[in-house]
Amino acid sequence: MVKKISNQVLNVLVILVAACVVSVLVGAACGMKPYVVMSGSMEPKIQTGSICFINENVAYDRIKENDVIAFQTSAGAMVTHRVIGITEEGFETKGDNNDVSDGVSTTEANYCGKNVFHVPYVGYGVQYLKTTRGKIIGITVLVCLVIASFMTYSKDETKTADEELE
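Mapping of the sequence shown onto numbering that gives the first Met the number 0: position 110 corresponds to residue 109, and the numbering continues sequentially without gaps.
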């Protein structure tokens, strides 16, 4: 009974990992790009450590007030803030948790895309997986899942074949 439950849990984990990988690849092919939120400037709407999915295919001229967009600062940092005003010079943006606006911080040149959705706290894991230790642990876990999945599948097939011979 315990073995059957552990096999089911293992299968669910393998399916979840595969679904996540496929989702990110399909999203990337459709212009969706994930970004990790590193500050609390958009809290409580978007928490620190969230992963935002930015649609890079949303045209600059289709952005309206209250849209949450991603743009690149002159220092090269990626920022996700809300558009609070539109001028001829560009978008005036502000983090929901900030007291003052960024000013006119976004032009067509540094605009990256529109935030479509976010997943809270997943960004912490993504950031960890970018470290050397995180890569080693991540790859090890994936390899172990694949090996364990094949081992349980092979045992089930052998058991079924043995039962048929009897």
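Backbone N, C-alpha and C define an ideal beta-carbon position, used for all residues, glycine too. Treat the numbers as computed from the prediction; the structure is a model and nothing was measured.
The beta carbon of threonine 106 sits closer than 6 Å to the beta carbons of Gly89 from its chain, once the five residues preceding and following it are set aside; these are given in chain order.
A distance below 8 Å separates the beta carbons of isoleucine 50 and valine 121.
Residue pairing by DSSP places methionine 77 opposite Gln71 in a beta bridge.
The beta-bridge partner set that DSSP reports for valine 35 consists of Ile50. Our two residues, lysine 113 and threonine 79, have alpha carbons roughly 9 Å apart in a direct line. Distance from the CA of asparagine 54 to the CA of glycine 30, rounded to the nearest whole angstrom, comes to 6 Å. Distance from the CA atom of valine 142 to the CA atom of leucine 15, rounded to whole angstroms, is 15 Å. Beyond the five residues adjoining it in sequence on each side, asparagine 56 comes within less than 8 Å, by CB distance, of Cys29, Gly30, Gly112 in the same chain, given in chain order. Valine 103 and valine 20 have their C-alpha atoms some 37 Å from each other. Under the three-state reduction of DSSP output, valine 99 falls in the coil class, being neither helix nor strand.
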